[in-house]
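Protein chains: 4
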Amino acid sequence: MTLRQPRFAGLVPPVVTPLTADGRIDTASLERLVGFLLEGGVDGLFALGSSSETAYLTEDQRTQVLEVVVKAAAGRVPVIAGCIETTTNRVIERARTARELGADAVVATAPFYTRTHPAEIERHFRQIAAAVDLPLFAYDIPVCVHTKLDTGMLLRLAADGVLAGVKDSSGDDGAFRYLCLGAAELPGFAVLTGHEVVVDAMLLGGADGVVPGLGNVDPHGYRRLADAAAAGDWAAARAEQDRLARLFEIVRAATDTSGTAAGLGGFKTALMLRGIIASNAMSAPMLPLDEQQTAEVRRVLERAGLL
Amino acid sequence: MTLRQPRFAGLVPPVVTPLTADGRIDTASLERLVGFLLEGGVDGLFALGSSSETAYLTEDQRTQVLEVVVKAAAGRVPVIAGCIETTTNRVIERARTARELGADAVVATAPFYTRTHPAEIERHFRQIAAAVDLPLFAYDIPVCVHTKLDTGMLLRLAADGVLAGVKDSSGDDGAFRYLCLGAAELPGFAVLTGHEVVVDAMLLGGADGVVPGLGNVDPHGYRRLADAAAAGDWAAARAEQDRLARLFEIVRAATDTSGTAAGLGGFKTALMLRGIIASNAMSAPMLPLDEQQTAEVRRVLERAGLL
Amino acid sequence: MTLRQPRFAGLVPPVVTPLTADGRIDTASLERLVGFLLEGGVDGLFALGSSSETAYLTEDQRTQVLEVVVKAAAGRVPVIAGCIETTTNRVIERARTARELGADAVVATAPFYTRTHPAEIERHFRQIAAAVDLPLFAYDIPVCVHTKLDTGMLLRLAADGVLAGVKDSSGDDGAFRYLCLGAAELPGFAVLTGHEVVVDAMLLGGADGVVPGLGNVDPHGYRRLADAAAAGDWAAARAEQDRLARLFEIVRAATDTSGTAAGLGGFKTALMLRGIIASNAMSAPMLPLDEQQTAEVRRVLERAGLL
Amino acid sequence: MTLRQPRFAGLVPPVVTPLTADGRIDTASLERLVGFLLEGGVDGLFALGSSSETAYLTEDQRTQVLEVVVKAAAGRVPVIAGCIETTTNRVIERARTARELGADAVVATAPFYTRTHPAEIERHFRQIAAAVDLPLFAYDIPVCVHTKLDTGMLLRLAADGVLAGVKDSSGDDGAFRYLCLGAAELPGFAVLTGHEVVVDAMLLGGADGVVPGLGNVDPHGYRRLADAAAAGDWAAARAEQDRLARLFEIVRAATDTSGTAAGLGGFKTALMLRGIIASNAMSAPMLPLDEQQTAEVRRVLERAGLL
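Protein chains in written order, with the numbering used here: chain L, 15 to 321; chain F, 15 to 321; chain R, 15 to 321; chain D, 15 to 321.
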């Protein structure tokens, strides 16, 4: 196997966006969170992804978030910026702003809201890459975009130098395996998984890195997991993953709400309880976890030894 | 039955957005198109909906389109402005701009891209209505948003004065019937259908109006259809609808592309052939209809007596 | 327009299957139900469709049901028999049995459970038609089969003499309209709709007949509706349909259960309350409506003047 | 961790069903195939699953297949029999037949074709288990059944002794991980994966066994993979899995057909080329792989060293 050396790899958590109770970006909390992640040993930061509530932020708020993250990272690790927009020209506009703000790479999905087509998706990525002078990641997240990116297309775009990598949140572990197999021939192409409860398995299968939302809450755990895997100690990797999978139960504290509100709400509540961010406030129309749900998150954190 | 008198009713086509070959808004063509629709007898204009390629336009382009449509309409018919954004705060921001630009009502979907929940959707519409001083329409378009709006919720929001109407592109004719039945008790609430090939049936079932994409191409036909239905001449309404359904075949000229590119591409090509707009250019990453596909559209138009 | 004369048309309710409390076919109730439907003026009977709980019946029970229905119909109206099986050979086997039992036509869906393909679906219908000496209907019910039958394919099969008709429960009113437009050239081809709350609209659009589950409960109402439509009295048709749509609320008496249990459970409970069948028992693993839900059905029936 | 000792575990391939060109069961080939699998070191056999074309077989053919497999297995490994039927009573009827024919366990899905509900699904499994005196597996295969089995329900049924195991073909690797975590407390409960291209990852995550369709073609490879994993040699397991993932390309020889026809057609063609079965015939309405597609399968087999 070729030695793989993608620039963007390892542990790259998607940074959640702390908010004040009245819905503004809580920049002090965001700075503390970035510091916590860097201290936890992350290899990069993914800002303005789904876990950052990017779909809930106005243009000005997106700009503000990216400014804070870039500044707080201070060049110690690369910052990958989500440019989650419905179509090509909107992505390009946003990606140019991200570049000006100091992002090291940008991430785009296939077109969404509108009905699309494989040939249009491929042109979409090619046109973005041609228009933006930064490495481009494809974000495969069918639960949001309602399209699965084709493995053959991704590898073709990688071979053509259009894509620097893929952030896979597709849940299609078979397709992901073929992406890893294909990437073996593409030394600089990064295959990152967003599946935070099976990171050991994904790394065994060939992933170059992981983008775990839960990594906001316990970056040290994911650091140990990634290190164990890199060392070939798969029993240790599995044990750490099992521990993290149990910690992930914080996303089930809230019921009868959206998966987004329960999941990100659980992360934010845990970060609040750990003292990293000031509030578990959520963007409208979501509600933050209530007292009882917060108590349940606390219980899970205590069981995991994180409080 | 209560006499229904919704302010926004009748024939309200979603105005397509003419583009130049290099992707700018073709304002002269857009003005001509609005004039053509007004001359065709429309009762209102829906700008920045899905048929306007709104998902493909940058913020500045959206502003430009709405300015042109409002100015060209010149108060002769109301202008309803789509505010197609992923979540609440983004919709509110866009809706305030629409109000400043002179829109008479705004249209929003449920949250999209992000996973959502019925209670969040209801809060979403309530928060938008509270923040924006214009009548609010809910846009039910599961093919884009991947959520079906609940009939009970829509009627509750109508009764509470949150919604002025619904633009239904759900394709769920059973749910639509119950919406019409419920609207019978809500005199000012407008139930509009986007199903351009079954308008006669929808009007028979109680729809207050229709938002036909094909109405760009043949507003006079939809005017005759609406008038026949209003006069109770259902045989004439059906015959006109059957004619328009055959005309709708222009959306099948392009194959092996997205439904959006084929559908809007067909409309634009027909408008170009009819001399209303200058070009059938489409937003990236879509392609315009090619020569052979254009010839097929021409054939359908000729058969329909529109050339 | 060619005069359309399909043999199987008009009002063809899907006959529900009465059960005893211990899960056997209640043949006496089934006979009474068929008598009630004939007295109500139906033009045909559809046995062993989805509304007959056919997916819940063993082979022997399916045979028993068809025997009873054929015998009770006694040649007064044709009996169409569902042959709801996963794939071609299983349908053929079942269809041959239906023929032996005296069915006048058979109904098959596309393959289900297994993944399939348009070319396979077309072969499927051609092979069934070639193997079974009875008119064949295609049953388009994506909510069960998870495939939508293509309009072009259906018209091609009709033109080739493979299909005698379509029973459409797709909910795609646009596609249905094109089916009706295409059928105008195929005098013997029957286009039947299963959408019981929009029958007026479907008949206006060109449907040849209707297969309303609710027709079990109120065949006389659907008779009046069909007669009004045939007479061109669309206002009367709409009023009758609106009344029946309100009656259809009986399917919402049960909540927190499957749509099947709520819908068929509502029909059976109404038939029990009207004295036509002895019990509202449902097939395992469904539960019958409980006392409170039964009271709700009674309330709807009383409001509709059916008790 | 408790020592896990499920009775049905390890390598349990789903046995494909060889057919003659005229569609009969090729019993001689089926016997040879079972012999080949036993020689390859399998731990059990899964007959009449999706890979056995069970949805395409008549009742008599299903009986015939199970008879042949049980007889050929001759008690050397347990035989698990699929009872793939739409609803409870039909499954029970089929499961009793399977028991009479000598099956050691039965497998059922949630109800399909009909719309269902979590409470009905749970009752469904409880009623089957109560009626059939054999260990019961739940088959989680949303691509066929269009329902995902809930992890909490599966673990509850396991704890209650209703389920002996789960055969997971859901593709939801996160849910699968929680199933494995829960199974750690249930020593006799078997968690089997059907995901043949990520078996190493699934075993690392805690799976008790694997049901690989591709195991028909190369049982020896899966034996080596399972043995390496059991020995903790994850590098060897991954290398073997990568090799098998490349072999799995035989399912892509056929294009423009159903996934079922391409996948099972690829397996059967490979078995024919390897001399195990006589023909690559497929059930109607599927077509077998043609000459060119067969040559492509041959090429993949040669590259894998299997010819």
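Heads up, the beta-carbon is just placed ideally off N, CA and C, and yes, glycines get one too.
Beta-carbon gap between residue i and residue j smaller than 8 angstroms
i: L/Val-29; j: L/Val-83; result: yes
i: D/His-138; j: R/Pro-302; result: no
i: D/Pro-27; j: D/Val-56; result: yes
i: R/Ala-250; j: R/Ala-259; result: no
i: L/Ala-69; j: F/Thr-123; result: no
i: D/Val-25; j: D/Gly-319; result: The amino acid occupying residue 25 of chain D in the given sequence is Leu; Val does not appear at that position. Cβ distance not < 8 angstroms, so D/Leu-25 and D/Gly-319 don't count as in contact.
i: D/Ala-292; j: D/Pro-32; result: yes
i: D/Val-180; j: D/Ala-152; result: yes
i: R/Gly-205; j: R/Leu-193; result: Residue 205 of chain R is actually Val in this sequence, not Gly. Cβ atoms of R/Val-205 and R/Leu-193: closer than 8 angstroms.
i: R/Leu-177; j: R/Leu-150; result: yes
Cβ of residue i within 8 angstroms of any chain L Cβ
i: D/Asp-256; result: yes
i: D/Arg-108; result: no
i: D/Gly-219; result: yes
i: D/His-234; result: no
i: F/Ala-69; result: yes
i: F/Thr-130; result: yes
i: D/Asp-214; result: yes
i: F/Thr-72; result: yes
i: D/Gly-63; result: no
Within-8 angstroms CB hit, residue i to chain D
i: L/Gly-223; result: no
i: R/Gln-78; result: no
i: R/Phe-126; result: yes
i: R/Thr-31; result: no
i: L/Ala-318; result: no
i: L/Val-211; result: yes
i: L/Thr-16; result: Any reading at L/Thr-16 must be qualified, since the residue scores a pLDDT of 49, below 50, and its modelled position is unreliable; the value itself is stated next. No, L/Thr-16 lies away from the interface with chain D (no Cβ there is under 8 angstroms from its Cβ).
i: R/Ala-133; result: yes
i: L/Ala-249; result: yes
Strand pairing of residue i, partner residues [DSSP]
i: R/Tyr-153; result: R/Lys-181
i: F/Leu-25; result: F/Val-224
i: D/Ala-61; result: D/Ala-95
i: L/Ala-198; result: According to DSSP, L/Ala-198 bridges with nothing at all.
i: R/Leu-33; result: R/Ile-39
i: F/Thr-207; result: F/Asp-182, F/Val-224
Within-8 angstroms CB hit, residue i to chain R
i: F/Ala-88; result: no
i: F/Arg-252; result: yes
i: F/Ala-259; result: yes
i: F/Gly-58; result: no
Distance cut-off 7 angstroms: residue i Cβ against heavy atoms of the ligand GTP
i: F/His-131; result: The ligand content of the structure shown is nil, which means the ligand GTP is not present either.
Chain F within 8 angstroms of residue i, Cβ atoms only
i: R/Thr-170; result: The sequence as given places Arg at residue 170 of chain R; Thr does not occur at that position. No, R/Arg-170 lies away from the interface with chain F (no Cβ there is under 8 angstroms from its Cβ).
i: L/Cys-194; result: no
i: R/Gly-229; result: no
i: L/Thr-13; result: Lying outside 15 to 321, the shown extent of chain L, residue 13 of chain L is not represented and no answer is given.
Within 9 angstroms of chain L by C-beta, residues of the region 291 to 306 of chain F in sequence order: Ser-297, Ala-298, Pro-299, Met-300, Leu-301
Near-chain F residues of the region 138 to 156 of chain L (beta-carbon distance less than 8 angstroms), N- to C-terminal order: His-138, Gln-141
Members of the region 92 to 120 of chain R that neighbour chain D once the beta carbon cut-off is set at 8 angstroms: Ile-98, Thr-100, Thr-101, Thr-102, Asn-103, Arg-104, Glu-107
Where the region 172 to 190 of chain L meets chain F: residues whose CB sits under 7 angstroms from a CB there: none
Contact set between the region 263 to 292 of chain L and chain F, restricted to residues whose Cβ is under 8 angstroms from the partner: Asp-270, Thr-271, Ser-272, Gly-273, Thr-274, Ala-275
Positions along the region 24 to 49 of chain R whose CB lies within less than 9 angstroms of some CB in chain D: Gly-37
Ranges of the beta strand (DSSP E) found wholly within the region 114 to 168 of chain D, counting only runs of at least 3: 119 to 122, 150 to 154
Inside the region 218 to 295 of chain D only - alpha helix (DSSP H) runs reaching at least 4 residues: 233 to 244, 248 to 261, 273 to 287
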